[in-house]
Amino acid sequence: MLRIWGRLSSVNVQKVVWCAHELSLDHERIDVGGAFGGVDTPEFKAMNPNGMIPVIEDGLDDAGDTRFVLWESNAIVRYLS
1 MLRIWGRLSS VNVQKVVWCA HELSLDHERI DVGGAFGGVD TPEFKAMNPN
51 GMIPVIEDGL DDAGDTRFVL WESNAIVRYL S
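21 is the number that UniProt numbering gives to position 21 of the sequence shown; each next residue is one higher, with no gaps.
Here it is in structure tokens:
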């Protein structure tokens, strides 16, 4: 399952969510950034050292282990398509 990290008030996150919907991808979104905070945590910085949204985790297995992490909305949209 695809996991999208970011808040919906971000245009860049909206772009990624829109792409996932258009491609009918099963996904979940986790609110981080802005008023939600969370981008300065060690766990988030391990995914994106820039501390910015959006970030995706793709290829989660049954144990929840991630196989692929990507950030930057344009790169994510190209990857998903």
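Just so it is clear, CB atoms sit at the ideal spot from N, CA and C, and this is done for glycine as well.
| Query | Result |
| --- | --- |
| Extent of the continuous beta strand (DSSP E) run through residue 28 | 27-30 |
| Segment contact flag, the segment 1-18 with the segment 29-44, C-beta cutoff 8 Å, min 3 pairs | yes |
| Extent of the continuous alpha helix (DSSP H) to which residue 76 belongs | 73-80 |
| Among 41, 48, 56 and 45, the one whose alpha carbon lies nearest that of residue 19 | 56 |
| Supposed contact pair residue 2 and residue 58 - C-beta distance, whole angstroms, cut 8 Å | 5 Å |
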